[in-house]
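Heads up: the sequence lines are chains H and V, in that order.
Offset between the first sequence (1-based) and our numbering: plus 17.
Offset between the second sequence (1-based) and our numbering: plus 17.
Where is the CB? At the ideal position from N, CA and C, for every residue including glycine.
Protein chains: 2
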Amino acid sequence: MSDLRFKLTLAYDGTACHGWHSGRSGKGVSDHIEKALAGLFPSAPGLVGSSRTDSGVHALGLVAHFDVPENEVRLPARRLAAALNALLPPEIRILSAARTCQSFHARFGATSKQYRYQVWNHPVMNPLLHQRAWHVPQALDIGKMREAAPCLTGTHDFRAFTSRRDGTLVDSTRTLTRCEIRRSGALLTFILRGDGFLYKMCRGIVGTLVRTGRGQMTPDDVRQLLADPTIRTRGANAPAHGLVLWKVSYRPS
Amino acid sequence: MSDLRFKLTLAYDGTACHGWHSGRSGKGVSDHIEKALAGLFPSAPGLVGSSRTDSGVHALGLVAHFDVPENEVRLPARRLAAALNALLPPEIRILSAARTCQSFHARFGATSKQYRYQVWNHPVMNPLLHQRAWHVPQALDIGKMREAAPCLTGTHDFRAFTSRRDGTLVDSTRTLTRCEIRRSGALLTFILRGDGFLYKMCRGIVGTLVRTGRGQMTPDDVRQLLADPTIRTRGANAPAHGLVLWKVSYRPS
Numbered sequence: 018m019s020d021l022r023f024k025l026t027l028a029y030d031g032t033a034c035h036g037w038h039s040g041r042s043g044k045g046v047s048d049h050i051e052k053a054l055a056g057l058f059p060s061a062p063g064l065v066g067s068s069r070t071d072s073g074v075h076a077l078g079l080v081a082h083f084d085v086p087e088n089e090v091r092l093p094a095r096r097l098a099a100a101l102n103a104l105l106p107p108e109i110r111i112l113s114a115a116r117t118c119q120s121f122h123a124r125f126g127a128t129s130k131q132y133r134y135q136v137w138n139h140p141v142m143n144p145l146l147h148q149r150a151w152h153v154p155q156a157l158d159i160g161k162m163r164e165a166a167p168c169l170t171g172t173h174d175f176r177a178f179t180s181r182r183d184g185t186l187v188d189s190t191r192t193l194t195r196c197e198i199r200r201s202g203a204l205l206t207f208i209l210r211g212d213g214f215l216y217k218m219c220r221g222i223v224g225t226l227v228r229t230g231r232g233q234m235t236p237d238d239v240r241q242l243l244a245d246p247t248i249r250t251r252g253a254n255a256p257a258h259g260l261v262l263w264k265v266s267y268r269p270s
Numbered sequence: 018m019s020d021l022r023f024k025l026t027l028a029y030d031g032t033a034c035h036g037w038h039s040g041r042s043g044k045g046v047s048d049h050i051e052k053a054l055a056g057l058f059p060s061a062p063g064l065v066g067s068s069r070t071d072s073g074v075h076a077l078g079l080v081a082h083f084d085v086p087e088n089e090v091r092l093p094a095r096r097l098a099a100a101l102n103a104l105l106p107p108e109i110r111i112l113s114a115a116r117t118c119q120s121f122h123a124r125f126g127a128t129s130k131q132y133r134y135q136v137w138n139h140p141v142m143n144p145l146l147h148q149r150a151w152h153v154p155q156a157l158d159i160g161k162m163r164e165a166a167p168c169l170t171g172t173h174d175f176r177a178f179t180s181r182r183d184g185t186l187v188d189s190t191r192t193l194t195r196c197e198i199r200r201s202g203a204l205l206t207f208i209l210r211g212d213g214f215l216y217k218m219c220r221g222i223v224g225t226l227v228r229t230g231r232g233q234m235t236p237d238d239v240r241q242l243l244a245d246p247t248i249r250t251r252g253a254n255a256p257a258h259g260l261v262l263w264k265v266s267y268r269p270s
């Protein structure tokens, strides 16, 4: 009996979830979805996600895959998303579900990922963006931030922007293809796209750009972080709740 | 001793609040703010709001005023917003506070109000817009909705669009100066501006336009509702949680 592979695209509000994979608490997003899968398929398939988001981080386009023995598949793929959503809490939604080939891999097949980060830059927080945006009450020099942002695109050693500094970090070179700051009134949106991201790298980049906007760093300091990755950004990480995993891209099959 | 009048501009997440004024529960937005005012001013001033939003409706620009005996005003007006915010739950934020003249009246002086309503038009709800947008999973004919929307602008008897039909409704003529539908992907934003709105009129208009988009009504039916206001829209009200009181305008003083 051969297995069939399915691809899921999903969204979640990270506020209540203990990240993608929670370990012991059993309250991670993948735990919830695996529980729902077990309700549909006796073999209780395990889920492979494109990204392991931290507690508090949201997603609107995370991709995952799972395998099911062919004889357990009793409902058509087009009804799978609705069947899973009926078993999931409203904070987690399956946007689409489809059969995919065995060579598709949600994690290792990803060619690029896009994250978006929201900052509410006003003396008073917008209560409708609570848990959706980082409140930065101080004035920001957007010109300086936009001068620093493009320095980060390209292939660099991003070691200075990750919080993982132990021996497990073997290769810290990544390619950032987009680093853009949009402004709409008090709302700043950071768009980051790259071939992959180190642990907490997005939050390190946003935190560093906000420090630049506050005059605590210069665009030259940002260049220096890339040139000499032994420098530490020291607590410049932006908080988790402003971050959304927006989209994961794959080579066309 | 003369009184000084202050104008507040405020925002709130209507999810947890029992509307602007709750009556007995004491959990309305105005109850919270009056409690905070009582913490700053011994005379415990009462608050006059521009609009009495329903339970679940949000605000990003509601205006209110209150009077305080001159001898109780011990902090400068520019620090009043921060002092009130320190006493308020994070769901309610004072955006600005300023001295105003005695002739200013938050309710009777308003010349126009703008509301915005969000609809998430996709088979699956966006979990990041929970309690912020109405989920309409069915396909909508935006062209038909945009054909109907401008019929509503101008001065009309909007009796068909309100839920208050008892003898208290004396004058149901209002002037709508803007009725626009913006689309960005699955997100529809309705922009409604007028000199005033009847009870649940915004939600009646949005509900009616969504019914038009679903093919349950035609743009001609919408015109008919204005021509013959004895017709009832019958349960066409859009739910409260998609609605935001966006801005209240006054004559320059």
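- Pick out whichever of H:A244, H:R199 and H:L146 has its Cα sitting closest to the Cα of H:D174. H:A244
- Message: Below 8 Å, how does it come out for the stretch 64–73 of chain V and the stretch 27–37 of chain V: are there three or more Cβ pairs, yes or no?
- Response: yes
- Query: Along the stretch 135–148 of chain H, what residues have a CB closer than 9 Å to any CB found in chain V?
  - Reply: H139, P140, V141, M142, N143, P144, L145 and H147
- Considering H:L243, what are the terminal residues of the alpha helix (DSSP H) in which it resides? P236 to A244
- What is the DSSP secondary structure of V:V141, counted as helix, strand or coil? coil
- Query: Buried or exposed: where does H:P59 fall if 16 or more other Cβ atoms within 10 Å of its Cβ makes it buried?
  - Reply: exposed
- Length of the line joining the Cα atoms of H:L226 and H:A165: 7 Å
- Step through the CB atoms of chain H and report whether any lies within less than 9 Å of the CB of V:I109. yes
- Message: Beta-carbon within less than 8 Å of H:R110's beta-carbon, same chain only, minus the 5 sequence neighbours each way: which residues are those?
- Response: L27, A28, Y29 and N102
- Message: So that I know if they touch, is there some Cβ in chain V lying closer than 9 Å to that of H:Q261?
- Response: One detail in the question is off: residue 261 of chain H reads as Val in this sequence, not Gln. So yes, H:V261 belongs to the interface.
- Does any residue of chain H bring its CB to less than 9 Å from the CB of V:L77? yes
- Assign H:D48 to one of three DSSP states: helix, strand, or coil. helix
- Query: Skipping 5 residues on each side, what residues in its chain have a beta carbon closer than 6 Å to that of V:A257?
  - Reply: D71, G73 and V74
- Sorted by chain position, which residues of the same chain lie with C-beta nearer than 7 Å to V:L92's C-beta, five sequence neighbours on each side aside? A100
- Message: Please confirm whether V:A55 has its beta-carbon closer than 9 Å to some beta-carbon of chain H.
- Response: no
- Query: Shorter than 9 Å from the beta carbon of V:D48 to some beta carbon of chain H?
  - Reply: no
- Task: With distances taken Cα to Cα, identify the nearest neighbour of V:I198 among V:V136, V:A61, V:A115 and V:L57.
- Result: V:V136
- Task: With 8 Å as the C-beta to C-beta threshold (strictly closer), list the residues of the stretch 25–50 of chain V near chain H in chain order.
- Result: A28, Y29 and D30
- Message: Please list, in chain order, the chain V residues whose beta carbon lies closer than 8 Å to that of H:N88.
- Response: Per Cβ cutoff of 8 Å: no residues; H:N88 is ~28 Å from chain V at best.
- Query: Cα separation between V:L104 and V:R191?
  - Reply: 38 Å
- Message: Does any residue of chain V have a CB that is nearer than 9 Å to the CB of H:L104?
- Response: no
- Which value, in whole angstroms, describes the spacing of the CA atoms of H:R220 and V:V141? 28 Å
- Query: Measuring CA to CA, which of V:F83, V:G66 and V:V153 is closest to V:R231?
  - Reply: V:V153
- Task: Just the C-alpha distance for H:H49 and H:S19, rounded to the nearest angstrom, thanks.
- Result: 26 Å
- Among H:A76, H:A81 and H:A55, the one whose alpha carbon lies nearest that of H:V65: H:A81
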